[in-house]
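These notes are about the structure you will find just below.
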Amino acid sequence: MGEYGVVPGQRVAIIWDSSSPVEALKDLVDKIQALVGADNRVSVENVNQLSQSAHRESSFDVILSGVVPGSTAQHSAEVLAEIARILKPGGRVLLKEPVVTESGNNSRIKTAAKLPTALTLSGLVEVKELQKEALTPEEAQSVQEHLGYQGNDLVIVQIEGRKPNFEVGSSSQLKISFAKKPGPSGKPSVDPATAKLWTLSANDMNDEEMDLLDSDELLDSEDLKKPDPSSLRAPSCKEMGKKKACKNCTCGLAEELEQEKKSSQPKSACGNCYLGDAFRCASCPYLGMPAFKPGEKILLKENQLHDA
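The numbering used here applies: residue 1346 is where the sequence shown begins, and numbers increase by one.
Written out as structure tokens, the structure reads:
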């Protein structure tokens, strides 16, 4: 197998970024082109324009990203997902990226532990770290210029992964048989003792020794008498010695008391109600009514009774 794991006849994509030196990129393209052969084109894509390149799914056997000497490319989740999409099933991706040894304040730079996780979440398998090395002075200067990172705890990690041998969303028929298995031939055997235990012969019903009860003999003469309807009525509230109706009165006392309450008229306490409002109390129910003759029956409206 040639350098970067590339063999003749494969389709290869090289991904670069703004930090990649132009001469180094050109040398890498020429080297890969010589490995795959003149009949196979090497595609060169910018990392920020990869999703707009409109490559078809499963287009490349090998993808090299960030491997240009001096490159400090960062691979976002969108970039890794696009790489997994255009990679052929079973294809291989090799990338290099500067990472920090420990988590810091710069959210653009991943840690050494998060980079393999990012590749796995993009759909790649067999992810493994191949190499980890310190930055060269040129690479350290490139990180400061393009990423704005001033720390000295960066290392360059080279990592690879493979795409599974199937497309995302593909399906395969499971070899499951839903046919019924042939059962045992013939009827199941029956234990004679069990069958005899649960068998009831019709002749047993005519056995003279069986003592059957006559349902008519269970009733006496009192049970056969028709009850008096008056005895079925519930006792009234009056019979129970109560002066007011029960809560769930059914004897009619509640309606009777309500009618009496409506028909009863208040009596004058002072005896001057018939003279007019000038002689009536403040709470007199006859307030507002004209004077009337003594002893004359005056019917008050229901709202006047409530106000009183």
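Even for Gly, the Cβ is constructed at its ideal location relative to N, Cα and C.
- prompt: Are the segment 1373-1385 and the segment 1422-1433 in contact at 8 Å, needing three or more beta carbon pairs?
  reply: no
query: What's the gap between the Cα of serine 1388 and the Cα of alanine 1524?
result: The sequence position of residue 1388 within the sequence shown is 43, counting from 1. The sequence position of residue 1524 within the sequence shown is 179, counting from 1. Each residue's alpha carbon lies about 52 Å from the other.
message: Looking at valine 1444: is its Cβ nearer than 8 Å to the Cβ of threonine 1462?
response: The residue you call residue 1444 lines up with position 99 of the sequence shown. The residue you call residue 1462 lines up with position 117 of the sequence shown. Cβ distance not < 8 Å, so valine 1444 and threonine 1462 don't count as in contact.
task: Taking glutamine 1518 as part of the beta strand (DSSP E), name the residues at either end of that continuous run.
output: Position 173 of the sequence shown, counted from the start, is the residue given in the question as residue 1518. No beta strand (DSSP E) holds glutamine 1518; DSSP gives it neither H nor E.
Through-space distance from leucine 1409 to glycine 1354, alpha-carbon basis: Here residue 1354 refers to the residue found at position 9 when the sequence shown is read from its first residue. Here residue 1409 refers to the residue found at position 64 when the sequence shown is read from its first residue. For glycine 1354 and leucine 1409, the distance between alpha carbons rounds to 16 Å.
Cβ-based burial, valine 1392 [other Cβ within 10 Å; buried from 16]: Mapped onto the sequence shown, residue 1392 falls at position 47. By the neighbour-count rule (16 or more Cβ atoms within 10 Å), valine 1392 is buried.
message: Using a Cβ-Cβ cutoff of less than 8 Å, which residues in the same chain neighbour cysteine 1618 once the five nearest sequence positions on both sides are dropped?
response: Within the sequence shown, the letter at position 273 stands for residue 1618. These residues qualify, in order along the chain: Phe1624, Arg1625, Cys1629 and Tyr1631.
query: Would you call the segment 1412-1423 and the segment 1380-1387 touching, i.e. three or more CB-CB distances under 8 Å?
result: no
field: Residues of its chain near isoleucine 1360, where Cβ-Cβ distance is below 6 Å and the 5 sequence neighbours each way are ignored
entry: On the sequence shown, residue 1360 is found 15 positions in, with the first residue counted as 1. So the list reads Glu1390, Val1392 and Ser1410, once near-sequence residues are dropped.
Pair within 8 Å by beta-carbon distance, leucine 1475 and leucine 1499: For this step, residue 1475 is matched to residue 130 along the sequence shown. For this step, residue 1499 is matched to residue 154 along the sequence shown. Result no, Cβ atoms of leucine 1475 and leucine 1499 do not sit closer than 8 Å.
query: Is it true that the CB of valine 1470 sits closer than 8 Å to the CB of proline 1533?
result: Walking along the sequence shown from the start, residue 1533 turns up at place 188. Walking along the sequence shown from the start, residue 1470 turns up at place 125. Not a contact, by the Cβ cut-off of 8 Å.
- prompt: Straight-line CA distance for lysine 1526 to glycine 1468?
  reply: For the purposes of this step, residue 1526 is taken as residue 181 along the sequence shown, with counting starting at 1. For the purposes of this step, residue 1468 is taken as residue 123 along the sequence shown, with counting starting at 1. Taking the straight line from one Cα to the other gives about 41 Å.
task: Kindly identify the DSSP beta-bridge partner or partners of asparagine 1391.
output: Along the sequence shown, read from residue 1 onward, the residue named residue 1391 stands at position 46. DSSP, once it has assigned bridges, lists Trp1361 as partnering asparagine 1391.
field: Secondary structure of arginine 1507, DSSP reduced to three states
entry: By one-based count along the sequence shown, residue 1507 stands at place 162. Here arginine 1507 sits in strand by DSSP.
- request: Pull up the distance between the alpha-carbon of glutamate 1447 and that of serine 1421, whole angstroms please.
  value: For the purposes of this step, residue 1447 is taken as residue 102 along the sequence shown, with counting starting at 1. For the purposes of this step, residue 1421 is taken as residue 76 along the sequence shown, with counting starting at 1. Distance between the alpha carbons of glutamate 1447 and serine 1421: 19 Å.
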